[in-house]
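Enquirer: Before I ask anything, here is the structure I am working with.
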Amino acid sequence: MTPEQARNVIDEAISQIAPDADLGSLAPDADLRDALELDSLDFLNLVESLSQRTGRRIDEDDYPQLATMASAVKFLTAR
Amino acid sequence: MPALGADMDEGTLLEWLVKPGDEIRKGDIIAVVDTSKSAIEVESFHTGTIERLIVGVGETVPVGTVLATIAEQAAAAAPAVAAAPAAAAAPAGPPEAAGPPEPQRARKRPAREPAARAKQRRQPVITSEKAQPAAASPLVRHLAEELRVDIATVQGTGPGGTITRADVQRAAIAGAGVAEPVTLPPQPGVAVTAAQPTPARPTVPVTARQPVTPLARRIAAELGIDVSKLTGSGSRGAVREADVRMAATARAPTQAPAQEREQAMRQAIGRLMARSKREIPHYYLSNTVDMTAAMDWLHQRNRELEVTERLVPAALLLKATALAARQVPQLNGYWEDDRFAPGDAVHLGVAISLRGGGLLTPAIHDAAELAPGELMAQLRDLVNRARGGRLRRAELTEATITVTNLGDQGVESVFGVIYPPQVALVGIGKIIERPVAVGGLVGARPVVITTLSADHRASDGYAGARYLAAVSDLLQRPEEL
Numbered sequence: 001m002t003p004e005q006a007r008n009v010i011d012e013a014i015s016q017i018a019p020d021a022d023l024g025s026l027a028p029d030a031d032l033r034d035a036l037e038l039d040s041l042d043f044l045n046l047v048e049s050l051s052q053r054t055g056r057r058i059d060e061d062d063y064p065q066l067a068t069m070a071s072a073v074k075f076l077t078a079r
Numbered sequence: 080m081p082a083l084g085a086d087m088d089e090g091t092l093l094e095w096l097v098k099p100g101d102e103i104r105k106g107d108i109i110a111v112v113d114t115s116k117s118a119i120e121v122e123s124f125h126t127g128t129i130e131r132l133i134v135g136v137g138e139t140v141p142v143g144t145v146l147a148t149i150a151e152q153a154a155a156a157a158p159a160v161a162a163a164p165a166a167a168a169a170p171a172g173p174p175e176a177a178g179p180p181e182p183q184r185a186r187k188r189p190a191r192e193p194a195a196r197a198k199q200r201r202q203p204v205i206t207s208e209k210a211q212p213a214a215a216s217p218l219v220r221h222l223a224e225e226l227r228v229d230i231a232t233v234q235g236t237g238p239g240g241t242i243t244r245a246d247v248q249r250a251a252i253a254g255a256g257v258a259e260p261v262t263l264p265p266q267p268g269v270a271v272t273a274a275q276p277t278p279a280r281p282t283v284p285v286t287a288r289q290p291v292t293p294l295a296r297r298i299a300a301e302l303g304i305d306v307s308k309l310t311g312s313g314s315r316g317a318v319r320e321a322d323v324r325m326a327a328t329a330r331a332p333t334q335a336p337a338q339e340r341e342q343a344m345r346q347a348i349g350r351l352m353a354r355s356k357r358e359i360p361h362y363y364l365s366n367t368v369d370m371t372a373a374m375d376w377l378h379q380r381n382r383e384l385e386v387t388e389r390l391v392p393a394a395l396l397l398k399a400t401a402l403a404a405r406q407v408p409q410l411n412g413y414w415e416d417d418r419f420a421p422g423d424a425v426h427l428g429v430a431i432s433l434r435g436g437g438l439l440t441p442a443i444h445d446a447a448e449l450a451p452g453e454l455m456a457q458l459r460d461l462v463n464r465a466r467g468g469r470l471r472r473a474e475l476t477e478a479t480i481t482v483t484n485l486g487d488q489g490v491e492s493v494f495g496v497i498y499p500p501q502v503a504l505v506g507i508g509k510i511i512e513r514p515v516a517v518g519g520l521v522g523a524r525p526v527v528i529t530t531l532s533a534d535h536r537a538s539d540g541y542a543g544a545r546y547l548a549a550v551s552d553l554l555q556r557p558e559e560l
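Protein sequence lines, in the order shown, are assigned to chains D and Y. Note that our numbering has the first sequence beginning at 1, numbered continuously upward. Note that our numbering has the second sequence beginning at 80, numbered continuously upward.
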């Protein structure tokens, strides 16, 4: 998966959970939970959505790597 | 018109989900009613055929008004049975009229007649949802029709894969297939909900503008505020919810309905909380609970499961609070008529903050009987519906004890105000790593502070202490939860 593809997948997943998210202005190193005002159930929905879209298992141990857009892109492109 | 929660004395009929001639079963949702707090689904207490709809859409009527008549099939000769809501309204419209009807008055009679109550609570609607996974309630199907969403393509996130209102709304918004602008059905008071159809791949920046949090954007849309004209107070100048609210306050008159609604909700909460503090002699206890076992178990369990089945710590904490309430029944029930009436089961009220401000405390029924996974599914469904959709009458009137969890907001301990006529409120804080001495050695362990606000008329500190100890004990054996 290329970084562009990863970014698209994340954007899609976020817009499913927070349909009005202004993703264009989201800084790569901004904390997603903070910037998008997500609670723990929203975050779980995000993980679920990313997992479904990529067909990839995302374990709890991986959650810290989904903290920001940049780290999430890196995580999805790493394997 | 049933009493549907905090200090409600009238309600507005938003939508009929049935028409004359329709066959309905007891428990079917037949109407949607708006209160100061939320739009609420009202179910029928009878099986029969809808004979006449008496109250029209948009009409506001006092609690106790007959909304419709239902002809019962067995007694064909004797039609005109008062509709479901009137049954609930009988105790709800108290002749004593000392003040607005109290939120849970409708529950009074059932609370004294556990058998009758248990029957009433078994709503076929809920069971049928469980029985047919991928199913959707009539209300949700109705919404899907309105939004032109093909229900077959919607993925359900409710219990057992049930399609919730939020799922349909998400599908409508995300659905690139929707050719026309999507307009959600108007919610009274809310300016509206005109969801701009978002492109499926919203990677195209709309314009170069300052960052806006989604919450702020949503609220701005509701309040009719142009975010591009605001100065943000968040990091990198991001416009946050508070900025939007400030702007909305500055130009009050144009958006009266949303503000009125918010104000009505604040007033309802205010009346209830003031009554609580005025009447209930609260006592407060707190306990620090070692969460090592619970977190390890959770981690282990989640490792084996798909994301959809994973639990968040809140699910375990809720289960423990519910089980402990069963062990210490003095804290589970109501203070009514100068005596304590124990609840027939543990219906766990969960405080859910709304994105637009305010809060609701819908109940998870029979929470002590649910497996953690099931409880988690119900919690997710409840949060989705409280925030985006609609709640059911029973959910808002039958809690026997309430939990407030502010852990996600970073709070370490919360001492709440009891929700009358309940007699206890449990507070849950954030799970944090703290140095803890075990066997003379200090190590870092995850701990959470649980608190109890309890009504001293119904219980003493001793019972409260037993309750918190029970919560802690239960969390040390998470596999048994």
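Every residue gets a Cβ at the ideal spot worked out from N, C-alpha and C, and that includes glycine. Just so it is clear, the structure is predicted and the values come from calculations on it, not from any experiment.
Pull up the CB-CB distance for Ala441/Y and Ala465/Y, whole angstroms please, since I reckon it's below 8 Å.
Expert: Locating residue 441/Y in the second sequence gives position 362, where the first residue counts as 1. Locating residue 465/Y in the second sequence gives position 386, where the first residue counts as 1. For clarity, residue 441/Y is Pro in the given sequence; the question names Ala instead. Indeed, because the Cβ distance is near 6 Å, the residues count as touching under 8 Å.
Enquirer: Where does Tyr546/Y land, buried or exposed, given buried means 16+ other C-beta within 10 angstroms?
Expert: Position 467 of the second sequence holds residue 546/Y. Label assigned to Tyr546/Y: buried.
Enquirer: How about Leu26/D and Leu38/D: do their beta carbons lie closer than 8 Å?
Expert: Taking the first sequence and counting its residues from 1, the one referred to as residue 26/D is at position 26. Taking the first sequence and counting its residues from 1, the one referred to as residue 38/D is at position 38. No, the pair does not count as a contact, with Cβ atoms beyond the cut-off.
Enquirer: Which bits of chain D does Ala393/Y rub up against, with CB to CB less than 9 Å?
Expert: In the second sequence, residue 393/Y corresponds to position 314, counting from 1. Going along chain D in sequence order, the residues near Ala393/Y (Cβ under 9 Å) are Ser40 and Leu41.
Enquirer: Check distances from the C-beta atoms of the stretch 475-507 of chain Y to those of chain A and list, in chain order, the residues that come in under 9 Å.
Expert: The structure shown contains no chain A; its protein chains are D and Y.
Enquirer: Go ahead and label Glu383/Y buried or exposed: buried means 16 or more other beta carbons lie within 10 angstroms of its beta carbon, across all protein chains shown.
Expert: Sequence index remark: in the second sequence, residue 383/Y carries index 304 (1-based). It counts as exposed.
Enquirer: Using the rule of at least 16 other Cβ atoms within 10 Å of the residue's Cβ for burial, across every protein chain shown, is Gly235/Y buried or exposed?
Expert: Translated into positions along the second sequence, residue 235/Y becomes position 156. Looking at its Cβ environment, which holds 16 or more other Cβ atoms inside 10 Å, Gly235/Y is buried.
Enquirer: If we cut at 8 Å on Cβ distances, does Leu66/D have a partner in chain Y?
Expert: To locate residue 66/D, count along the first sequence from 1; it is residue 66. Not an interface residue.
Enquirer: For the beta strand (DSSP E) holding Asn484/Y, just list the boundary residues, first then last.
Expert: Mapped onto the second sequence, residue 484/Y falls at position 405. Its beta strand (DSSP E) spans residues Ile480 to Asn484.
Enquirer: Would the beta-carbon of Leu83/Y fall within 8 Å of that of Ala110/Y?
Expert: Within the second sequence, the letter at position 4 stands for residue 83/Y. Within the second sequence, the letter at position 31 stands for residue 110/Y. Taking 8 Å as the Cβ cut-off, Leu83/Y and Ala110/Y do not qualify as a contacting pair.
Enquirer: Starting from Val47/D, find everything on chain Y with Cβ-Cβ shorter than 7 Å and list it in chain order.
Expert: Taking the first residue of the first sequence as position 1, residue 47/D is located at position 47. In chain order: Val386.
Enquirer: Below 8 Å, can you find three or more Cβ-Cβ pairs linking the stretch 337-353 of chain Y to the stretch 513-527 of chain Y?
Expert: No: fewer than three Cβ pairs fall under 8 Å.
Enquirer: Per DSSP, Ser532/Y forms a beta bridge with which residues?
Expert: For the purposes of this step, residue 532/Y is taken as the residue at position 453 of the second sequence. Ser532/Y is bridged to Tyr363/Y and Leu504/Y.
Enquirer: Is there at least one Cβ from chain D nearer than 8 Å to Leu294/Y's Cβ?
Expert: Position 215 of the second sequence holds residue 294/Y. With 8 Å as the cut-off, Leu294/Y counts as an interface residue toward chain D.
Enquirer: For Leu36/D and Ile14/D, which I take to be in contact (beta-carbon distance under 8 Å), what is that distance rounded to the nearest angstrom?
Expert: The residue labelled residue 36/D in the question sits at position 36 within the first sequence. The residue labelled residue 14/D in the question sits at position 14 within the first sequence. That belief holds up - the Cβ atoms of Leu36/D and Ile14/D are roughly 7 Å apart, short of 8 Å.
Enquirer: Just the chain D side, please: which residues come within less than 8 Å of Val291/Y by C-beta, in chain order?
Expert: Mapped onto the second sequence, residue 291/Y falls at position 212. The answer, in chain order, is Asp22 and Ser25.
Enquirer: Of all Cβ atoms in chain D, is any one closer than 8 Å to the Cβ of Val462/Y?
Expert: By one-based count along the second sequence, residue 462/Y stands at place 383. Interface residue, yes.
Enquirer: Which one of Leu222/Y, Gln406/Y and Ser355/Y has the shortest CA to CA distance from Val496/Y?
Expert: Counted from its first residue, the second sequence places residue 496/Y at position 417. Considering only alpha carbons, the answer is Ser355/Y.
Enquirer: At the 8 Å Cβ level, is Asp62/D part of the contact set with chain Y, yes or no?
Expert: Within the first sequence, the letter at position 62 stands for residue 62/D. With 8 Å as the cut-off, Asp62/D does not count as an interface residue toward chain Y.
Enquirer: Using a Cβ-Cβ cutoff of less than 7 Å, which residues in the same chain neighbour Thr371/Y once the five nearest sequence positions on both sides are dropped?
Expert: Residue 371/Y sits at position 292 when you count from the first residue of the second sequence. Within the same chain, Thr371/Y has close Cβ partners Arg524 and Pro525.
Enquirer: If we define contact as Cβ-Cβ less than 8 Å, is Arg389/Y a contact residue for chain D?
Expert: Against the second sequence, residue 389/Y aligns to sequence position 310. Judged by the 8 Å Cβ criterion, Arg389/Y is in contact with chain D.
Enquirer: What does a CB cutoff of less than 6 Å around Tyr363/Y pick up in its chain, not counting 5 residues either side in sequence?
Expert: Residue mapping note: residue 363/Y aligns to position 284 of the second sequence, counting from 1. Cβ neighbours of Tyr363/Y beyond the five flanking positions: Phe494 and Ser532.
Enquirer: Please confirm whether His125/Y has its beta-carbon closer than 8 Å to some beta-carbon of chain D.
Expert: Counted from its first residue, the second sequence places residue 125/Y at position 46. No, His125/Y lies away from the interface with chain D (no Cβ there is under 8 Å from its Cβ).
Enquirer: Would you mind telling me which residues of chain D sit closer than 9 Å to Ala382/Y, beta carbon to beta carbon, in chain order?
Expert: As a working mapping, residue 382/Y is identified with position 303 in the second sequence. First, the amino acid is wrong: residue 382/Y is Arg here, not Ala. Result: Asp59, Glu60 and Asp61.
Enquirer: Tell me the start and end of each unbroken alpha helix (DSSP H) in the stretch 374-410 of chain Y that is at least 4 residues and wholly inside, in chain order.
Expert: Qualifying alpha helix (DSSP H) stretches, in chain order: 392-406.
Enquirer: Would you call the stretch 62-69 of chain D and the stretch 344-358 of chain Y in contact, with 3 or more CB pairs under 8 Å?
Expert: No contact exists between the stretch 62-69 of chain D and the stretch 344-358 of chain Y.
Enquirer: Tell me the DSSP bridge mates of Pro525/Y?
Expert: Position 446 of the second sequence, counting from 1, holds the residue named residue 525/Y. Its beta-bridge partners are Glu512/Y.
Enquirer: Looking at C-alpha atoms only, which residue of Val136/Y, Ala537/Y and Arg556/Y is the closest neighbour of Trp414/Y?
Expert: As a working mapping, residue 414/Y is identified with position 335 in the second sequence. Trp414/Y has its Cα closest to that of Ala537/Y, out of Val136/Y, Ala537/Y and Arg556/Y.
Enquirer: Cβ of Gly90/Y within 8 Å of Cβ of Thr139/Y?
Expert: On the second sequence, position 11 is the one that residue 90/Y refers to. On the second sequence, position 60 is the one that residue 139/Y refers to. Going by C-beta atoms, Gly90/Y is nearer than 8 Å to Thr139/Y.
Enquirer: State the beta-bridge partners of Asp369/Y as determined by DSSP.
Expert: Stepping through the second sequence from its first residue, residue 369/Y is reached at position 290. Looking at the DSSP assignment, Asp369/Y forms a beta bridge with Val526/Y.
Enquirer: What in chain Y is Cβ-close to Ser51/D, meaning under 8 Å?
Expert: Taking the first residue of the first sequence as position 1, residue 51/D is located at position 51. What Ser51/D touches in chain Y: Glu385 and Val386.
Enquirer: Could you have a look at Val47/D and say whether DSSP puts it in helix, strand or coil?
Expert: As a first step, residue 47/D must be located in the first sequence, where it is residue number 47. In the structure shown, Val47/D sits in a helix (DSSP, three-state: H, G or I).
Enquirer: Taking the alpha-carbon of Val515/Y as reference, which of Leu504/Y, Ile507/Y, Val527/Y and Val505/Y has the nearest alpha-carbon?
Expert: Here residue 515/Y is taken as the residue at index 436 of the second sequence, counted from 1. Residue Val527/Y is the option with its Cα nearest to Val515/Y.
Enquirer: State the Cα-Cα distance for the pair Thr126/Y and Ala150/Y, rounded to the nearest angstrom.
Expert: Taking the second sequence and counting its residues from 1, the one referred to as residue 126/Y is at position 47. Taking the second sequence and counting its residues from 1, the one referred to as residue 150/Y is at position 71. Looking at the two C-alpha atoms, the distance is approximately 8 Å.
Enquirer: Would you kindly check if the distance between the Cβ of Pro499/Y and the Cβ of Leu351/Y is under 8 Å?
Expert: Reading the second sequence from its first residue, position 272 is the one you call residue 351/Y. Reading the second sequence from its first residue, position 420 is the one you call residue 499/Y. Against a cut-off of 8 Å, the Cβ pair of Pro499/Y and Leu351/Y comes out as a contact.
Enquirer: List the DSSP bridge partners of Glu122/Y.
Expert: Position 43 of the second sequence, counted from the start, is the residue given in the question as residue 122/Y. Glu122/Y pairs with Ile108/Y.
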